[in-house]
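Taking the numbering used here, the leading residue of the sequence shown gets 19, the next gets one more, and so forth.
Take a look at the structure below.
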Amino acid sequence: MTADEFRSLALSFPETLEAAHVGHPDFRVGGKIFATLGPDEDWGMVKLTAEQQALFVRAESDVFRPANGAWGRRGSTIVRLADADEATVRQALMAAWRNTAPKRLVQDHDEA
């Protein structure tokens with residue numbers, strides 16, 4: 019997966035906007051970040067729950083790993099783009115988007 023493919027997937031979710039956070043791209047819904055691209059755009063980050071993170075890491079440890087420090091302990095999960103495939107990254111981004119989006123937006127998306 020490339021950074022452009024990650025970006026395209028992230029932006030495919032309802033009401034997602036691209037902005038910047040500490041000098042690199044991030045993806046927001048309802049004004050809150052649910053994913054980012056690293057400064058060199060060779061990795062991404064998705065904001066998962068600790069339980070979701072454990073599932074993704076266990077299923078594909080070559081693609082997913084917890085971010086360093088407290089961020090990682092709270093679910094921030096690094097995605098190694100070169101080792102990732104679209105279907106898996108879409109699932110992770112969907113989980114991150116759902117975790118972050120306003121409840122009414124998630125509900126509207128589920129009903130669509």
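Where is the CB? At the ideal position from N, CA and C, for every residue including glycine.
What you are looking at is a predicted structure, and each value in this text was computed from that prediction instead of being measured.
Who pairs with residue i in a beta bridge, going by DSSP?
| i | result |
| --- | --- |
| residue 42 | 39 |
| residue 47 | 34 and 50 |
| residue 83 | 96 |
Could you spell out the range, first to last residue, of the beta strand (DSSP E) harbouring residue i?
| i | result |
| --- | --- |
| residue 97 | 94-98 |
| residue 131 | With the chain running from 19 to 130 in the structure shown, residue 131 is simply not present. |
Assuming residue i is part of the alpha helix (DSSP H), what are its boundary residues?
| i | result |
| --- | --- |
| residue 54 | Careful: residue 54 lies outside any alpha helix (DSSP H), inside the beta strand (DSSP E) at 50-55. |
| residue 74 | 68-77 |
| residue 24 | 21-29 |
| residue 33 | Residue 33 -> no alpha helix (DSSP H), and no H or E assigned at all. |
| residue 110 | 104-118 |
| residue 101 | That residue, residue 101, is in no alpha helix (DSSP H); it is neither H nor E in DSSP. |
| residue 126 | 121-129 |
Could you pull out every residue in the same chain whose Cβ sits closer than 8 Å to the Cβ of residue i, ignoring the five residues on either side in sequence?
| i | result |
| --- | --- |
| residue 104 | 19, 23 and 27 |
| residue 48 | 33, 118, 119, 120 and 123 |
Ignore the nearest five residues each way along the sequence and tell me which others in residue i's own chain have a CB closer than 6 Å to its CB.
| i | result |
| --- | --- |
| residue 59 | 21 |
| residue 51 | 44 |
Short of 7 Å in beta carbon distance, which residues of its chain neighbour residue i, apart from the five on each side in sequence? Order them along the chain.
| i | result |
| --- | --- |
| residue 71 | 84, 93 and 95 |
Evaluate the contact criterion for the region 100-112 versus the region 19-33: three or more CB pairs, one atom per stretch, below 8 Å. yes
Taking 8 Å as the cut-off, does the region 50-63 touch the region 90-101 (at least 3 CB pairs, one atom from each stretch)? yes
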